[in-house]
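Numbering-wise, the sequence shown is residues 1 to 222 according to my numbering.
A virtual CB, placed ideally from N, CA and C, is assigned to each residue, including glycine.
Down below is the structure, laid out as structure tokens.
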Amino acid sequence: MSTQTPQVRAHRTGPRGEYQSSAAMRARLLTAGIDCLARHGYAGATTTLIQHAAGVSRGALLHHFPTRADLMLAIVRHVHALGDEKIRDRLDAYPPGRERFLALIGAVWEVMDEPLEVALVEIMVGARSDPSLAAPMTAILDEIHRSRTDQVWDLAASVGAVDRRPIETAVRLHLAALHGLSIEYLVTGDRTAMQPALELLREYSAAALDAATAAPGPAAAS
1 MSTQTPQVRA HRTGPRGEYQ SSAAMRARLL TAGIDCLARH GYAGATTTLI QHAAGVSRGA
61 LLHHFPTRAD LMLAIVRHVH ALGDEKIRDR LDAYPPGRER FLALIGAVWE VMDEPLEVAL
121 VEIMVGARSD PSLAAPMTAI LDEIHRSRTD QVWDLAASVG AVDRRPIETA VRLHLAALHG
181 LSIEYLVTGD RTAMQPALEL LREYSAAALD AATAAPGPAA AS
């Protein structure tokens, strides 16, 4: 795999340089989309608003994202990738082992307190009333959930977990709870009110890890 950075490749001329310019424009549109969703909500984040915020032409927008649904789905994937990167960076501050696993709740919550997660929540809620978005959004969220479950399982397995079932249950519970807390925080703006719930989720994480490191039953996932 090449270790050359996108910035270096962007200076090249010819088709590859044109590709990099196209990738940069796509990134501008995704960044503008996240900002507009965080500021104006799903209904207010129109393609025209995002286009102007990105400083690109209508043709450039339509070249990358022919429909609003295409843009929203691309933002979901982009938010997922960036969020995972930020979570990994935060977890790297903790030593490998149980401490890092139990720091996961706090790391995810910190990311949810950013425009990235606000944008994701806005799209998730908006998809309920947008037929062009509902079905593909469900498929992408399922894909993201499987990916995140695998990541948490890898972290748990590194601590000695042998039974995947408690980890899968904990991931579903924790993500649902954290999304709910994120929505509540958007409405109330009271971050301190979330702390008792976050502490309880950390206790559940510890219990799930303890259950997963015990000898699994005959029906345990391999």
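State the DSSP-derived secondary structure class of residue i, mapped to helix, strand or coil.
i, result
"Gly97", "coil"
"Asp89", "helix"
"Asp70", "helix"
"Asp84", "helix"
"Gly59", "helix"
"Arg165", "helix"
"Val8", "Caution is warranted here: a pLDDT of 30 is assigned to Val8, below 50, making its placement in the model unreliable, and the coordinate value is therefore given only provisionally. Note: Val8 maps to helix in three-state DSSP."
"Gly180", "helix"
"Thr3", "With a pLDDT of 36 at Thr3, under the threshold of 50, the predicted position of this residue should be treated as unreliable, and no value is reported."
"Ala221", "Confidence at Ala221 is low in this model, with a pLDDT of 46, below 50, so the placement of that residue is unreliable and no value is reported for it."
Check the C-beta distance from residue i over to residue j and give it rounded, since I have them as a contact under 8 Å.
i, j, result
"Val79", "Leu116", "5 Å"
"Ala170", "Ser205", "6 Å"
"Arg90", "Ala107", "4 Å"
"Ser22", "Val121", "About 29 Å separates the two Cβ atoms, so there is no contact after all."
"Tyr42", "Val159", "Not really, about 38 Å apart at Cβ, beyond 8 Å."
"Ala212", "Asp163", "5 Å"
"Ala139", "Pro166", "About 26 Å; that fails the 8 Å criterion."
Checking contacts by CB at 9 Å: is residue i closer than that to chain C?
i, result
"Arg100", "The structure shown contains no chain C; it holds only a single protein chain."
I'd like to confirm something about residue i: is its beta-carbon nearer than 8 Å to some heavy atom of the ligand ADP, or not?
i, result
"Val152", "For the ligand ADP, the structure offers nothing, since it holds no ligand at all."
Starting from residue i, follow the alpha helix (DSSP H) in both directions and report where the run begins and ends.
i, result
"Glu143", "131-157"
"Pro196", "195-213"
"Ser22", "15-44"
"Ala127", "Element bounds for Ala127: n/a, residue is neither H nor E."
"Gly106", "104-112"
"Leu192", "One detail in the question is off: residue 192 reads as Thr in this sequence, not Leu. First-last for Thr192: undefined, no H or E at that position."
Q. Can you find at least 3 beta carbon pairs, one from the segment 48-67 and one from the segment 83-99, that sit closer than 8 Å?
A. no
Q) On the three-pair Cβ rule with 8 Å, is the segment 178-188 touching the segment 77-92? A) no
Q) Would the segment 130-144 and the segment 64-76 be scored as touching if the rule is three or more Cβ pairs under 8 Å? A) yes
Q) At a cut of 8 Å, does the segment 19-36 reach the segment 59-68 through at least three beta carbon pairs? A) yes
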